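Below is one structure; the comments refer to it alone.
Residue numbers (the working numbering): 2 to 256.
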């Protein structure tokens with residue numbers, strides 16, 4: 002198996018599969034592939050051993066079904082393109098050395114992956130903490146590829162070292178890092194600050210990958226332009242409709 006990441010702002014992961022190699026991803030995630038690659042869609046993969054495992058994977062952001070891409074008789078190629086501007090990161094997962102990633106970060110992995118929900122210490126974190134607090138857990142023995150938004154900033158936290166992060170910027174961290182939440186300090190900050198009620202607290206030891214681009218932040222930045230585009234399309238449709246109506250009235254002699 003020969004992986005290659007091409008590009009910078011919108012990278013693509015190309016994986017050359019040797020005979021018998023298999024890659025696991027969510028359905029519909031691939032961008033292109035060779036004819037020699039065969040697909041198999043099934044819920045019983047990526048470490049799921051029963052209904053609870055499948056549901057846990059779905060809650061974390063993965064699908065109920067997963068797709069296996071296999072080159073059964075000859076070499077093949079399958080490619081996965083980034084969905085947002087950012088980067089694709091490869092990690093090697095080993096027993097006792099797993100990773101927690103943001104819920105839309107999983108791209109694909111080799112066989113041996115165990116993809117599940119990353120449980121929080123506080124149930125309230127998952128319920129009230131917003132999208133960023135629901136994590137995916139990468140475990141097992143495999144190579145996995147993770148998609149992170151924008152630029153990547155990494156920190157190697159020492160034992161006991163704490164980093165407070167807005168939840169949307171938490172991209173990935175090693176399983177040795179303790180993850181918890183806390184309320185935003187100060188009532189005025191929480192209510193009027195616009196940064197949300199919760200802050201993620203990451204405590205070392207372990208490595209942390211932070212992402213500068215968040216999906217809510219991108220949506221908020223594009224919102225004014227989307228409104229203008231929708232208004233322009235509505236006005237244009239009204240003008241075209243008026244012209245068409247006038248032509249029809251002339252043809253049929255209506256008033």
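All residues carry an ideal CB built from backbone N, CA and C; glycine is no exception.
Since the model is a prediction, treat every value here as computed from it, not as a measurement.
Per-residue burial, residue i [other beta carbons within 10 Å of its own, 16 or more giving buried]
i	result
residue 71	buried
residue 140	buried
residue 67	buried
residue 116	buried
residue 193	Legend: pLDDT at residue 193 = 43, less than 50; position of this residue unreliable, value from coordinates given subsequently. That one is exposed.
residue 150	buried
residue 168	buried
residue 240	Residue placement at residue 240 is flagged as unreliable, the pLDDT there being 48, under the threshold of 50; the coordinate-derived value follows with that caveat. Counting Cβ neighbours within 10 Å, residue 240 comes out exposed, since fewer than 16 surround it.
residue 210	buried
residue 97	exposed
residue 220	exposed
CB-CB length for residue i against residue j, believed under 8 Å
i	j	result
residue 204	residue 179	4 Å
residue 34	residue 80	7 Å
residue 17	residue 111	Contact flag wrong, Cβ pair sits at about 13 Å.
residue 26	residue 101	So it is not a contact: roughly 19 Å between Cβ atoms.
residue 95	residue 153	Not really, about 22 Å apart at Cβ, beyond 8 Å.
Distance, residue j Cα to residue i Cα
i	j	result
residue 22	residue 137	24 Å
residue 37	residue 31	15 Å
residue 225	residue 216	16 Å
residue 7	residue 20	23 Å
residue 223	residue 164	29 Å
residue 201	residue 143	28 Å
residue 135	residue 29	22 Å
residue 114	residue 162	30 Å
residue 258	residue 93	The structure shown does not extend to residue 258, since the chain is modelled only from 2 to 256, so the question has no answer here.
residue 170	residue 199	13 Å
residue 89	residue 148	5 Å
residue 119	residue 44	19 Å
residue 103	residue 24	20 Å
Extent of the continuous beta strand (DSSP E) to which residue i belongs
i	result
residue 260	Any answer about residue 260 is impossible in this case: the structure gives the chain only from 2 up to 256.
residue 69	67-71
residue 111	107-111
residue 1	It is not possible to answer for residue 1, since the shown part of the chain is limited to 2 through 256.
residue 103	100-103
residue 136	136-141
residue 22	No beta strand (DSSP E) contains residue 22, which DSSP labels as neither H nor E.
residue 345	In the structure as shown, the chain starts at 2 and stops at 256, and residue 345 therefore has no counterpart that could be examined.
Own chain partners of residue i with C-beta closer than 6 Å, once the 5 adjacent residues on each side are dropped
i	result
residue 4	16
residue 82	13, 32
residue 85	150
residue 1	This structure gives no information on residue 1, because the portion of the chain shown stretches from 2 to 256.
residue 160	205, 206
Sequence-distant residues of its chain with Cβ nearer than 7 Å to residue i (five each side left out)
i	result
residue 207	158, 174, 175, 177, 178
residue 214	85, 86, 87, 150, 151
Same chain, Cβ closer than 8 Å to residue i, five either side skipped, listed in chain order
i	result
residue 41	68, 69, 71
residue 218	169
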